[in-house]
Amino acid sequence: MSKLCNSLQIFNLFIIFLLISGCASQQIAPGQLAMRAMEVRPIDAPYDVGYRAATHALFTLGLTITHSEKESGILNATRTDKNTGAKIGMILLFGVAGAFIDTDEKVDVTMFLSPSGEKQTKMRIGIAKDGEIITDQTIIDRIWVLTQREALLELGET
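Each residue of the sequence shown is one higher than the one before, counting from 1373 in our numbering.
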């Protein structure tokens, strides 16, 4: 009888484990239309002002502009954050060889701007961290809000 109880307990634990691990699956990446809806935002300013505002927003975020082409509306920027804690951990784990392991975090932001009428610019934002695309809407919202504020400041100066 005790073998049967032990077998049932093990079976129940196995079923519970399957249920828990099944619920912990990764989130499905949004489709192309959903991504475009998240990434594309309007800026209430003419194209020239919107482009300058996007440039200022990238600088405000601490990014370095690596490519800028106003005619096509492309802005690329990057920021590399030194992860000192991870570097120290690698050195402790692997000794001197750990010093050569890359632990820096690289963030790339690409903006594509295009005119959308006389007084509006359409902006599409793409973000990647360490080569992985980021689809976090709150981060995209923050960049858009900052760009919109910079556009309002630019419009106030002219």
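The beta carbon of each residue, even a glycine, is placed where N, CA and C say it ideally should be. Keep in mind it's a predicted model, so treat the numbers as computed, not measured.
Residue span of the alpha helix (DSSP H) that contains residue i, given as start and end
i            : result
leucine 1430 : 1419-1432
Through-space distance from residue j to residue i, alpha-carbon basis
i               : j               : result
glutamine 1492  : alanine 1417    : 5 Å
valine 1479     : lysine 1454     : 11 Å
leucine 1430    : alanine 1469    : 35 Å
glycine 1461    : aspartate 1474  : 12 Å
isoleucine 1512 : leucine 1465    : 36 Å
isoleucine 1415 : glycine 1403    : 24 Å
alanine 1500    : isoleucine 1506 : 5 Å
aspartate 1502  : aspartate 1508  : 15 Å
isoleucine 1437 : serine 1444     : 16 Å
glutamate 1490  : leucine 1527    : 14 Å
arginine 1521   : isoleucine 1382 : 60 Å
leucine 1433    : glycine 1467    : 35 Å
leucine 1447    : leucine 1525    : 20 Å
histidine 1439  : threonine 1510  : 25 Å
methionine 1483 : glutamate 1504  : 17 Å
methionine 1495 : arginine 1514   : 13 Å
Continuous beta strand (DSSP E) stretch holding residue i: start and end
i              : result
threonine 1482 : 1477-1487
lysine 1494    : 1493-1501
threonine 1436 : 1436-1441
Strand pairing of residue i, partner residues [DSSP]
i               : result
aspartate 1453  : Glu1477
valine 1412     : Arg1496
isoleucine 1512 : Isoleucine 1512 is not bridged to any residue.
isoleucine 1329 : With the chain running from 1373 to 1530 in the structure shown, residue 1329 is simply not present.
For residue j and residue i, believed in contact at Cβ under 8 Å, the rounded distance
i              : j               : result
alanine 1426   : leucine 1485    : 6 Å
leucine 1435   : arginine 1451   : 5 Å
glutamate 1340 : isoleucine 1497 : The question about residue 1340 has no answer, for the chain in this structure spans 1373 to 1530.
alanine 1449   : valine 1481     : 5 Å
Contacts around residue i, its chain only, beta-carbon distance under 6 Å, and the 5 residues preceding and following it disregarded
i               : result
tyrosine 1419   : Pro1487, Thr1493
tryptophan 1516 : Arg1413
Sequence-distant residues of its chain with Cβ nearer than 8 Å to residue i (five each side left out)
i              : result
leucine 1518   : Ala1429, Thr1432, Leu1433
glutamate 1477 : Thr1452, Asp1453, Asn1455, Lys1501, Asp1502
Same chain, Cβ closer than 7 Å to residue i, five either side skipped, listed in chain order
i           : result
valine 1421 : Ala1523, Glu1526, Leu1527
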